[in-house]
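Q: Residue numbers (our numbering): 293 to 653.
We put the beta carbon where it would ideally sit given N, CA and C, even for glycine.
Right, dumping it as C-alpha cells:
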C-alpha cells in the first residue's frame, strides 16, 4: 500500500513537470498624461463644499469626480499651515515654513512643477481671483523667502516659463514703490497684456497676461462676475494648442477670505463660483481623455461647521476660529491617472503624484 502511494505521487509530479508553466499576464504600461489641471479651493474643507452644495440646490459639479483622498496639511514649522507653505508643498513637493514661496526650509529655491513643465516644452497657465502675486499662484512661478514680498514675487515672473495668467495685482507690476514698471521687461520676454477676456481670446501671442484688478479682485457677491469660469474657458483652448501638453493651476482664492470673516454667505457664493469653474474643467477633461484634474485645498479656514437650524432644510453656520485649522482636507481627482489620488497622504505627495502622472518620476 505504501509503495503504491509513492508511485502515485511520483506519477503526479512527472505529469505536472511536463506541463509548461502558465505565463503571468503583464500589466500594460500606464501611458503618461498629457495635461494636468490643478485646482485649489483656498480654505475649502468638507464643510465649505457641503455649504456650497446646500446653497446650490443640493448639487455640485464636484460630485462628478472619480476618486477622493485626504491630505495632511501641516507645514515644516507648524501644525497649522498658511497658504504659502501649502502651495509650496504642491509646487515643489517639500514641506516648508509658513510664508515660504517656492523655497525650502533654508530658503533655497527648488524648481516648481510649472517650471519643470516649461523646461519640457509644455505650456502653462495660472488663474486666480486674488493678486497673481498672492501666496498660492506666486508659489508656482516665484522663489522668495516671504509671501509679503509681492513686488519681488512679481519680478520673478520675468524669467518664468509661464505662458498665460488671469488675476489681480497689476500695481505690483506697474506702479511699484520705486516708481518703475516691470511690464516692459515682461513684454520683452514675449508677454502681451490685454484689457478684457475677449482680447485674451483673440490674441495670437504665446504669452498673455490679463489683470482683472489693480489689487485684489472684488468678491463674486460684490460684482466680480463669473471671471473664474470665463477665464478657464478662454485659457483652455490656448493651452490645448500646445502639442506637448500643459499645466494649469486655478484657484478659488476667496473661499478662504469668507472663512477668515466667519461669513457663510461669502463662503458659499465663492464655493459655487469655484464649482462653476470645476464644471468647465471637468467638461474639458471628459472630452479630451488625456487630462488629469486634481482639486484640493491648502487648508481649511474658520473651523466651519453646519449646525441644526429651525428650518429642517437649512443650517446654522458655526465657526471656531477666524484663522486656519489643521484638519485634513479632501483631494478630488478625475480623468487620466486619477486613481493615484485615493488614500491618505501628505500634501507634498500631490506634487509627486502629478509628476509621476506626467511620466517624469
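For residue 413, which residues from the same chain have a beta carbon less than 6 Å from its beta carbon, with the 5 sequence-adjacent residues on both sides left out?
A: Within the chain shown, the letter at position 121 stands for residue 413. If we look at residue 413 and ignore the five residues flanking it on each side, its Cβ neighbours are 536.
Q: Using alpha carbons as the reference points, say which of 337, 406 and 377 lies closest to residue 652.
A: By 1-based counting over the chain shown, the position of residue 652 is 360. Residue 406 is the option with its Cα nearest to residue 652.
Q: For residue 334 versus residue 545, is the C-beta spacing smaller than 8 Å?
A: By 1-based counting over the chain shown, the position of residue 334 is 42. By 1-based counting over the chain shown, the position of residue 545 is 253. Yes, these two residues count as a Cβ contact at 8 Å.
Q: I need the DSSP call for residue 325, collapsed to helix, strand or coil.
A: As a position in the chain shown, residue 325 is number 33, starting the count at 1. In the structure shown, residue 325 sits in coil (DSSP, three-state: anything other than H, G, I, E or B).
Q: Excluding the 5 residues flanking residue 337 on each side, which residues of the same chain have their C-beta closer than 7 Å to its C-beta?
A: Here residue 337 refers to the residue found at position 45 when the chain shown is read from its first residue. Answer for residue 337: 589, 592, 596, 619 and 621, listed in chain order.
Q: Pick out whichever of 426, 438, 358 and 409 has its Cα sitting closest to the Cα of residue 538.
A: For this step, residue 538 is matched to residue 246 along the chain shown. Comparing Cα positions, the closest option is 409.
Q: So the candidates are 376, 480, 472 and 463; which of them puts its Cα closest to the Cα of residue 437?
A: Taking the chain shown and counting its residues from 1, the one referred to as residue 437 is at position 145. Checked all of 376, 480, 472 and 463; the closest Cα to residue 437 is 376.
Q: Kindly indicate which three-state DSSP category residue 428 falls into: helix, strand or coil?
A: Residue numbering aside, residue 428 sits at position 136 when the chain shown is read from its first letter. In this structure, residue 428 counts as helix in the three-state DSSP scheme.
Q: Could you compute how far the alpha carbon of residue 608 sits from the alpha carbon of residue 601?
A: Working through the chain shown from its first residue, we reach residue 608 at position 316. Working through the chain shown from its first residue, we reach residue 601 at position 309. Straight-line Cα distance between these residues: approximately 5 Å.
Q: For residue 370, which residues of its own chain have a beta-carbon under 6 Å away from its beta-carbon, when the five flanking residues on both sides are left out?
A: For this step, residue 370 is matched to residue 78 along the chain shown. So the list reads 390, once near-sequence residues are dropped.
Q: Specify the secondary structure class of residue 531 as computed by DSSP and reduced to three states.
A: Within the chain shown, residue 531 is the residue found at index 239, counting from 1. In the structure shown, residue 531 sits in a helix (DSSP, three-state: H, G or I).
Q: Taking residue 445 as part of the beta strand (DSSP E), name the residues at either end of that continuous run.
A: For the purposes of this step, residue 445 is taken as residue 153 along the chain shown, with counting starting at 1. Run containing residue 445: none in the beta strand (DSSP E); it sits in the alpha helix (DSSP H), 442-447.
Q: Examine chain B for any beta-carbon lying closer than 8 Å to the beta-carbon of residue 578, and answer yes or no.
A: No chain B is present in this structure, which holds just one protein chain.
Q: Would you identify the three-state DSSP class for residue 574, choosing helix, strand or coil?
A: Translated into positions along the chain shown, residue 574 becomes position 282. Three-state DSSP puts residue 574 in a helix.
Q: Over what stretch of residues does the alpha helix (DSSP H) that includes residue 393 continue unbroken?
A: As a first step, residue 393 is located in the chain shown; it is residue number 101 there, counting from the start. Element bounds for residue 393: n/a, residue is neither H nor E.
Q: Which value, in whole angstroms, describes the spacing of the CA atoms of residue 427 and residue 349?
A: Along the chain shown, one-based indexing puts residue 427 at 135. Along the chain shown, one-based indexing puts residue 349 at 57. Looking at the two C-alpha atoms, the distance is approximately 32 Å.
Q: Count Cβ pairs between the region 417-432 and the region 454-468 that sit closer than 8 Å; are there 3 or more?
A: Short answer: they touch.
Q: With distances taken between CB atoms, is the gap from residue 559 to residue 358 smaller than 8 Å?
A: The residue you call residue 559 lines up with position 267 of the chain shown. The residue you call residue 358 lines up with position 66 of the chain shown. Contact flag unset, no.
Q: By a C-beta neighbour count over all protein chains shown, 10 Å radius and 16 as the cutoff for buried, is residue 605 buried or exposed?
A: Counted from its first residue, the chain shown places residue 605 at position 313. Its Cβ having fewer than 16 others within 10 Å, residue 605 is exposed.
Q: For the region 477-493 against the region 511-528, do three or more pairs of beta-carbon atoms, one drawn from each stretch, fall closer than 8 Å, so that the two count as touching?
A: As far as the Cβ criterion goes, the region 477-493 touches the region 511-528, which means the pair count is three or higher.
Q: Nearest-angstrom Cα distance between residue 507 and residue 518?
A: Position 215 of the chain shown, counted from the start, is the residue given in the question as residue 507. Position 226 of the chain shown, counted from the start, is the residue given in the question as residue 518. Using only the alpha carbons, I get a separation of about 18 Å.
Q: Would DSSP call residue 346 helix, strand or coil?
A: The residue you call residue 346 lines up with position 54 of the chain shown. It is helical.
Q: In the DSSP assignment, find the unbroken beta strand (DSSP E) run with residue 469 in it and report its ends.
A: The residue labelled residue 469 in the question sits at position 177 within the chain shown. Neither: residue 469 is in no beta strand (DSSP E) and is coded neither H nor E.
Q: Specify, as a first and last residue, the run of the alpha helix (DSSP H) that residue 386 falls within.
A: Along the chain shown, read from residue 1 onward, the residue named residue 386 stands at position 94. Per DSSP, residue 386 belongs to no alpha helix (DSSP H) and is neither H nor E.
Q: Beta carbon of residue 554, beta carbon of residue 614: below 8 Å?
A: Start at 1 with the first residue of the chain shown, and residue 554 comes out as number 262. Start at 1 with the first residue of the chain shown, and residue 614 comes out as number 322. Contact flag set, yes.
Q: Please return the same chain residues whose Cβ sits closer than 6 Å to the Cβ of residue 385, not counting the five positions on each side in sequence.
A: Sequence index remark: in the chain shown, residue 385 carries index 93 (1-based). Excluding sequence neighbours, residue 385 sits near 640, 643 and 644.
Q: State the CB to CB distance for the pair residue 623 and residue 633, rounded to an integer number of angstroms; the pair is presumed to be in contact (CB under 8 Å).
A: In the chain shown, the residue the question calls residue 623 occupies position 331. In the chain shown, the residue the question calls residue 633 occupies position 341. Indeed, because the Cβ distance is near 5 Å, the residues count as touching under 8 Å.
Q: In the DSSP assignment, find the unbroken alpha helix (DSSP H) run with residue 610 in it and report its ends.
A: Residue mapping note: residue 610 aligns to position 318 of the chain shown, counting from 1. No alpha helix (DSSP H) holds residue 610; the beta strand (DSSP E) holding it covers 607-610.
Q: If I'm right that residue 367 touches residue 388 with Cβ under 8 Å, what's the distance once you round it to whole angstroms?
A: Residue mapping note: residue 367 aligns to position 75 of the chain shown, counting from 1. Residue mapping note: residue 388 aligns to position 96 of the chain shown, counting from 1. The pair is a contact, with the Cβ atoms about 7 Å apart (cut-off 8 Å).
Q: Answer yes if the region 569-579 comes into contact with the region 447-457, meaning at least three C-beta pairs across the two stretches below 8 Å, and no otherwise.
A: Touching, no, given that fewer than three Cβ pairs across the two stretches are closer than 8 Å.
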